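Structure, as structure tokens:
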Amino acid sequence: EALRHPESCFSHFGLECVGPVDGHDLGALLDLFRAARDCERPLLLHCKTEKGRGFAFSASDPTTFHSPPPFVVRGGGAAVRKGGRSFTAAFSDALGALMERDPEVVAVTAAMPHGTGLAPLAERFPERVFDTGICEGHAMDMCAGMAKAGLKPFFAVYSTFAQRALDQAFQEVALQGLPVRVCMDRAGFVGGDGAVHHGFMDIALFRPLVGSVCLAASDEVNLAAALDFLHRHTAGPTFLRYPRGPVAEPPLEGEVPPYELGRAHLVRPAAAGPRVAILALGPLVYEAAAALEGLGRDDVALYDARFAKPVDVELLARLTRTGCAILTLEDHSRAGGFGAAVLEACNDHGLPAGRIRRLAMPERWIPQGSRAGQLAEAGLDREAIAAAVEELVDAAPRVRIRGGLPGQPAAAGRRSR
């Protein structure tokens, strides 16, 4: 009976069921809604609609046009404008390479195989890619069971949806010390999907979990290196974040060193001891590099922070003890994010933190728009970064650091401006 009349399951809860009715018949719907308005008990209206109705190209390809990039309508069809190679495609290729090398690697998604890049992997590895449906909590539980059984699960999920699995990440993964790899697409600002999809709190949610590691990838080569780290790391859960949108082409560096737990990577050294060091998490490395190129300064060092947990305490010690100012960058909430982790680390290790400034997502909702426009509105674009650098330079002495900074030649002594 329930299979033949699905609405009957609602009637068991005391709901009056009406339908199914044509969800595209506006006149009939208005009559129905007027009648429903006067109903004095809970009422379920079952209205059937066709996704993409009115545009044949959308109705025939609902997956592509669920949340499409800009497209041009030509005659009876539509051409999607390509924005370059995406982080999602880069993730798919890098994970596919891992699956080729290691038969114990499996991939899990919660009803987002196309959005997360697992759809092509499901075709190549149909027995090793799993879709749980819209059940992120179950997906996390499933990954825990797989890890317990000796497999190497990678859970591909949007950052904003990962929060649905927080309880399972705590109880079933972190508490058991299981190496579940959570790969969070759409971290940071997401452009046209707006505030409901911004990945603004994943670090704050998962950083408190005992034994967790939180990291980010700035471009395609770093994304591949980060996935390799996830593959190697077996001491607990890992949470990798990367944004929506195209990867930088060409990247700042053709090759990068492997990810080492809690180690930042020097991208752009200062000519001598830096007055300011930028610690950028994820793709904001590129905004910072553009800002420094525009400023033409040689007394500012740029680091790809890589890790939000654990942060590079040795680097912080070298920088703060010489009076070097630090600017942290992240497309994440200020509360509980990377910058907060830097301040906490300085406090925990007795390091001076008076010259640390944080740029992060502001305490307000940023609406739909381009990702570049959202970064500008949030004060995270190259112009805002350049202004922050100039302010810090004006207030910071030039320093030379005994023993040098990682990736820089050693220099002795210290001089003021």
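Position 111 (the sequence shown) corresponds to 111 in our numbering; numbering is contiguous. All residues carry an ideal CB built from backbone N, CA and C; glycine is no exception. If you're wondering where the values come from, they're calculated on a predicted model, not measured in any experiment.
query	result
Proximity winner among Y158, P20 and L375, relative to L44 (alpha-carbon distances)	P20
Per-residue DSSP class, three states only, for K51	coil
Exposure label - Q171; buried when at least 16 CB within 10 Å	exposed
Secondary structure of C17, DSSP reduced to three states	strand
Where C214 sits in the DSSP three-state scheme	strand
Boundaries of the alpha helix (DSSP H) in which V129 is found, first to last residue	It is not in any alpha helix (DSSP H) - V129 instead sits in the beta strand (DSSP E) that spans V129 to D131.
Whether P251 touches E287 by CB criterion (8 Å)	no
Collapsed DSSP secondary structure at Y259 in the structure displayed	coil
Cβ contact check for the stretch 298 to 317 and the stretch 256 to 272: 3 or more pairs under 8 Å	yes
One or two residues paired with Y158 in a DSSP bridge	D185
Member of V73, R124 and A111 whose CA lies at the smallest distance from the CA of L95	R124
Among E260, C214 and D228, nearest to E100 - alpha-carbon criterion	D228
Status (buried if at least 16 other CB within 10 Å, exposed otherwise) for F13	exposed
L316 versus I356 - alpha carbon distance	10 Å
Sequence-distant residues of its chain with Cβ nearer than 6 Å to P362 (five each side left out)	A378
For F239, three-class secondary structure by DSSP	strand
Length of the line joining the Cα atoms of E314 and G262	9 Å
Reference E293, options V389, A395 and G52, closest by Cα	V389
N-terminal and C-terminal residue of the beta strand (DSSP E) that D331 is part of	A325 to S333
Rounded distance between the beta-carbons of F338 and D185, thought under 8 Å	The Cβ separation is near 18 Å, so there is no contact.
CA-to-CA distance, E260 to G145, given in whole angstroms	27 Å
Distance, T49 Cα to H349 Cα	59 Å
Beta bridge counterpart(s) of H265 as assigned by DSSP	D304
Classification of P208 by the beta-carbon crowding that lies within 10 angstroms, buried from 16 upward	exposed
Separation of D93 from P120, as counted between CA atoms	9 Å
Residues of its chain near R51, where Cβ-Cβ distance is below 6 Å and the 5 sequence neighbours each way are ignored	In the sequence as presented, Arg is not what sits at residue 51; that position holds Lys. Taken in chain order, the residues that qualify are P62.
Reference H66, options R41, M112, E104 and R34, closest by Cα	M112
8 Å CB neighbourhood of R382 in its chain, flanking five on each side removed	E287, A288, A290, A291 and G294
Uninterrupted beta strand (DSSP E) stretches inside the stretch 338 to 404 (no shorter than 3 residues)	356 to 361
Residues bridged to I278 [DSSP beta-bridge criterion]	L302 and L327
Extent of the continuous beta strand (DSSP E) run through A107	V105 to T109
Test item: CB-CB of R241 and S333 under 8 Å	no
C-alpha distance - D102 paired with P153, whole-angstrom precision	12 Å
CA nearest to the CA of V180, picked from G191, R232 and A59	R232
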